[in-house]
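Engineer: In the order they appear, the protein sequences are chains V and U. Quick note, my numbering runs 602 ahead of the 1-based positions in the first sequence. Quick note, my numbering runs 6 ahead of the 1-based positions in the second sequence. Here a beta-carbon is modelled for each residue, glycine too, at the ideal position from N, C-alpha and C.
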Amino acid sequence: MGALLQIAGLTAGIDGREILTGIDLDVPAGEVHAVMGPNGSGKSTLSYVLAGREDYAVTGGSVRFGGADLLAMAPEERAAAGLFLAFQYPVELPGVGNANFLRTALNAIRRARGEPELDAVNFLKLARAETKRLSMPDDMLKRNVNVGFSGGEKKRNEVLQMALLRPRLAILDETDSGLDIDALKIVADGVNAQRGPEFAALVITHYQRLLDYIVPDRVHVLIGGRIVRSGGPELAHELEASGYAGLAEAA
Amino acid sequence: MNALAAGSQGFLARFEGLRDRLPGDPALRAAAAAAFRANGLPGPRDEAWKYTSLRPLAEASFHEPLVPLADCAALLARLPAIEAPRAVFVDGRFRADLSAAPPGVVLDHFAASPDFPGLARPQRDSLVALNTMLAEDGAIVTVPAGVDGGTLMLASLATDTPGRAVAFHPRHVIRLGAGARLTLIEVSVGEGSYLHNPVTEILIAEDAVLTHVRLQDEAARSFHLATLYAEIAARGTYDSFSLTLGARMARSEVHARLAGPGAATHLNAAQLLSGVQHADFTTVVRHDAPGCASRQTVKNVLAGRSRGVFQGRIEVARIAQKTDGYQMNQALLLSPDAEIDCKPELEIFADDVKCSHGATVGELDPAQIFYLRSRGVPEAQARAMLVRAFLESALDAVSHVQARAALDHAVTLWWERQAA
Ligand SMILES: Nc1ncnc2c1ncn2[C@@H]1O[C@H](COP(=O)(O)OP(=O)(O)O)[C@@H](O)[C@H]1O
Ligand SMILES: [Mg+2]
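1) Hey, how far is the Cα of residue 23 of chain U from the Cα of residue 80 of chain U?
2) Secondary structure at residue 839 of chain V, three-state DSSP: helix, strand or coil?
3) Is any non-hydrogen atom of ligand 1 found closer than 7 Å to the C-beta of residue 46 of chain U, if you look at the structure I gave you?
4) Is there a Cβ of chain U sitting closer than 8 Å to that of residue 651 of chain V, yes or no?
5) Taking a cut-off of 5 Å, which residues have a beta-carbon closer than that to any heavy atom of ligand 4, in chain order?
6) Counting only runs of 3+ residues fully inside the region 126-197 of chain U, write out the beta strand (DSSP E) ranges in chain order.
7) Any Cβ of chain U within less than 8 Å of the Cβ of residue 792 of chain V?
8) Any heavy atom of ligand 2 closer than 7 Å to the CB of residue 775 of chain V?
9) Do the CB positions of residue 274 of chain U and residue 246 of chain U come within less than 8 Å of each other?
10) Report back the beta-carbon spacing between residue 645 of chain V and residue 637 of chain V to the nearest angstrom; my notes put them in contact at under 8 Å.
11) Spatial neighbours of residue 196 of chain U within its chain, please: CB distance less than 6 Å, with the 5 preceding and 5 following residues excluded, ordered by chain position.
12) Residues in the region 762-773 of chain V with C-beta within 8 Å of chain U's C-beta atoms, listed in sequence order?
13) Excluding the 5 residues flanking residue 853 of chain V on each side, which residues of the same chain have their C-beta closer than 7 Å to its C-beta?
14) Can you tell me whether residue 691 of chain V is buried or exposed, with buried defined as 16 or more other CB within 10 angstroms of its CB?
15) I want to see whether chain U comes within less than 8 Å of residue 678 of chain V, judged by CB atoms only; does it?
16) Please confirm if residue 726 of chain V has its CB atom under 8 Å from at least one CB of chain U.
17) Is any non-hydrogen atom of ligand 2 found closer than 7 Å to the C-beta of residue 690 of chain V, if you look at the structure I gave you?
18) In the DSSP assignment, find the unbroken beta strand (DSSP E) run with residue 257 of chain U in it and report its ends.
19) Could you tell me how far apart the beta carbons of residue 344 of chain U and residue 312 of chain U are, in whole angstroms, since I believe they sit closer than 8 Å?
20) Which value, in whole angstroms, describes the spacing of the CA atoms of residue 714 of chain V and residue 741 of chain V?
21) Is there a C-beta anywhere in chain V that falls below 8 Å from the one on residue 399 of chain U?
22) Is it true that the CB of residue 663 of chain V sits closer than 8 Å to the CB of residue 612 of chain V?
23) Answer yes or no: does any C-beta atom of chain V fall closer than 8 Å to that of residue 277 of chain U?
24) Using a Cβ-Cβ cut-off of less than 7 Å, list which residues of the region 707-722 of chain V approach chain U; keep chain order.
25) Could you check the C-alpha separation between residue 341 of chain U and residue 389 of chain U for me, to the nearest Å?
26) If you scan the region 683-770 of chain V from start to end, which runs of the alpha helix (DSSP H) of 4 or more residues do you find wholly inside it?
27) Bridge partners of residue 274 of chain U, per DSSP?
28) Verify the CB distance criterion: does residue 410 of chain U have a CB-CB separation below 8 Å to chain V?
29) Does DSSP put residue 423 of chain U in a helix, in a strand, or in coil?
30) What is the DSSP secondary structure of residue 406 of chain U, counted as helix, strand or coil?
31) Could you work out which residues of chain V lie near residue 384 of chain U, taking near to mean beta carbons separated by less than 7 Å?
32) Report buried or exposed for residue 718 of chain V, applying the criterion of at least 16 other Cβ atoms within 10 angstroms of its Cβ.
33) I want to verify the contact list: residues of chain U whose CB lies under 7 Å from the CB of residue 655 of chain V, in sequence order.
34) Can you tell me which of the three DSSP states residue 65 of chain U falls into?
35) Nearest CA to the CA of residue 315 of chain U: which residue from U/288, U/171 and U/302?
36) Can you find the residues in the same chain that come closer than 8 Å, C-beta to C-beta, to residue 16 of chain U, ignoring five residues on each side of it along the sequence?
Next comes the structure, spelled out in C-alpha cells:
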C-alpha cells in the first residue's frame, strides 16, 4: 500500500475563488511532515479541506487516506477513520462542558470503530491523566469548551483532544503560534508522545522554532496554493535565514 | 356569525346544560358566562392575542369528558420518575385513588371544596371566563404557615376517546402560609385531541417560597391554554420554570403581582416546537411594592414551520421604587420556515428602578457544528448538543435536582422524536 495520505492535483476554493491551485503531497505512516508558507498561502484552507469543511469547494484532484477516498467522506467519518485537525482558531462552545465534549467525541469515534464506549468514571481517569501530562489545570475539564480559555489554553486543549482521540494522522494548523517556549515544549511533547509507526502528522507552521522540538522527516513549502519546494529538515533552517521571497519568484 | 363566535356557542350550550350541577357560587358562574357570552373567544382585535389565533380551537368541537375510568397506566408511565406524592387528574377530574399529599400539606379538590380566591379576572380574560363558567374540578393545595411541604407533583392526564374530542377546564388553587415552602412539579400529558384550559391561582404569603416547575408535554393534536395568577406578599418568592414541548396550539399566560416589599418572581421558560406547532408564552409582571425583583429568561427552539411567541410586560407602580426587573428572550431557529414573535413592554411609573430586557434570534453556528463533526460527532448529535447548550442557561435556573433531570430527559425525548 502507498502512503497513508496521498494528495494529487488538489484544487479547491471558496465563492468561486481558487485558493489551492494544485497540491501534490504524500505523507507515509510513521512520518512527520511540516508545511511552511507565508500568510495567505492556503495552509489553513488545505487543513480545512482535508477535515471536510463544507464551505470550501474541491474543484479537482484526489485525496486518499488509508487507501479510501477521503473527499467522499463526511467530516465525522474522516475523524472516525483517524484524521484529526488541531484548529488554528479553536471554536468556542458556550454551554457545552469540556469533559462532556471530550467524552462525546471519544465515544462517537469508538462507536464508529466498533469499540465499547467509555463510562464517565473511566473517561475521567483517562482525561485526568492526559491533562496532567499536558500540564493543564484540572478545571479545564469542567469549563465550557474553549470559552474564556487563553490562546495557549485553547491550543493545549486541541492537543488534549488529539491525545485522547489517538488519530492516525494529525494535522496541526499553527498550533505553535502564540505559545511561549514552555507551552511550545508541552505541545511538542504531546505530539512526540504519539509518534510511532502507526502515526503521521502534518505540522503547519510559520516558524522554524517548533521544528526544533518536533523534528520533521520532510518539509514542504506552500506558496500561492501549491507546494513549490520540498526537502529535509534543513529546508526549514534555510527558510528561517532567507525567507520565502526567493521561492515566491521560483513559484 | 364568525368562526370565533361560532366556536363559543358549544361552550355556552354546555354551561346551560351543566349550570345547576356546578359546584360553588352560582352568581359567579353566571357572571362569568355573561362575560364569555359578551366577549367570546379572544380574537385578532384583542391586543393581547395579536400573535395567537384561536381559530383552530373555534373550528374544533368539544364534548364533556366521560366519567374517567379509562385505563391510564400508559399515561401514568409517562410521568417523570420523581420521588414525590402526586395529585392526579384524569381528563380534568381528581383521582383520589392515584393521589396523596406530602406530609404537612393539605390536598383537597375543587369539586368537593369549590374555591374562587378572586385573583382570576374573568371579566378581562376570556379564556378565564370560559374556565370560570365551566370549571368542575381542580387541585386545592394548602401549605400551612411555617411548613416545608417538600415536593408535590400535579399531573394532568388526558385520555383518548377516539372521535370525541373533550374539553376540560381545571381550577387549581395553591396557597402558601407565611414562611411555608413547596416545590410543585406540574406535568401535563395526554393522547388524542382535546382542550386543556386550566386556571391556577397562587397565593404566597410573607416569606413563603413556591418553586413551580411545569412540563407541558400534551398530545400533538391537543390545545393547551393555561392562565395563571400569582400574588406574592412581602419577601415571598414565586420561582417558576415552564417547559413547553407539546400541543398543536399552546398558550401559557402568567400574571404575577409582587404585592409586598421584597417579593420576587422568576418566570423562566423554554419552548421547543416543531412541525406546525404554535406556542405562546405571555407574562405580565406587576411591581406593586418597593424593592421587588422579577427575572425572566425565555428561550425558544423552533424547528419545521413552528411559531413561538413571547410577550412580556412589566408594570411598575409609582410606589414600587428600587424595582429590579430583568427580561431576556432568545430564539434559535432550526429551520428557515420557523418564526418567532416577541413583544417586550415596559410600563414604569416609579423613577428609581432598574429594568432591562434583551432579545436575540439566531441559528446554529456552522463553525460549531463543523468543530463537533471534525471530532467524530455525527451531525444530528452535534446539532442536538448545541441546542442543549443553548437551553442550558434557562434550564440552569431549575435547582431541584429531580425536576431538572426530568426536564433534561424530556428534552432528550423531544429531540429523539424530531430525529425519528
Ligand atoms: N472562508 C474564506 N472566505 C474567503 N476567503 C478565504 C476564506 N478562507 C481563506 N480565504 C482566503 O484564502 C487565502 C488563503 O487563506 P488561508 O488558507 O487561511 O491561508 P494561511 O492559513 O496560509 O494563512 C487567503 O487569501 C484568504 O483570504
Ligand atoms: Mg492559517
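Structural biologist: Put simply:
1) Approximately 32 Å between the Cα atoms of the pair.
2) helix
3) no
4) no
5) Looking for ligand 4 in the displayed structure turns up nothing; the ligands present are ligand 1 and ligand 2.
6) Whole beta strand (DSSP E) segments, 3+ residues: 145-149, 154-164, 172-174, 177-182 and 187-196.
7) no
8) Flag set: Cβ of residue 775 of chain V near ligand 2.
9) With respect to residue 246 of chain U, residue 274 of chain U sits close: the two C-beta atoms are nearer than 8 Å.
10) 6 Å
11) 164, 224, 225 and 228
12) Flagged, chain order: 763 and 767.
13) Because the pLDDT at residue 853 of chain V is just 48, under 50, the model does not fix this residue reliably, and the point stays unresolved.
14) exposed
15) Nearest CB-CB separation between residue 678 of chain V and chain U: below the 8 Å threshold.
16) no
17) yes
18) 255-264
19) 5 Å
20) 29 Å
21) It does: the Cβ of residue 399 of chain U has a partner Cβ on chain V nearer than 8 Å.
22) yes
23) By this cut-off, residue 277 of chain U is not an interface position.
24) Of all residues in the region 707-722 of chain V, 707, 710, 711 and 714 have a Cβ within less than 7 Å of some Cβ in chain U.
25) 12 Å
26) With a minimum length of 4 residues, the continuous alpha helix (DSSP H) runs that stay inside the region 683-770 of chain V are 700-714, 722-735 and 753-767.
27) U/247
28) Taking a beta-carbon distance threshold of 8 Å, residue 410 of chain U does not count as an interface residue toward chain V.
29) helix
30) coil
31) 678 and 710
32) Residue 718 of chain V is exposed by the Cβ-count criterion.
33) 376
34) helix
35) U/288
36) 67 and 68
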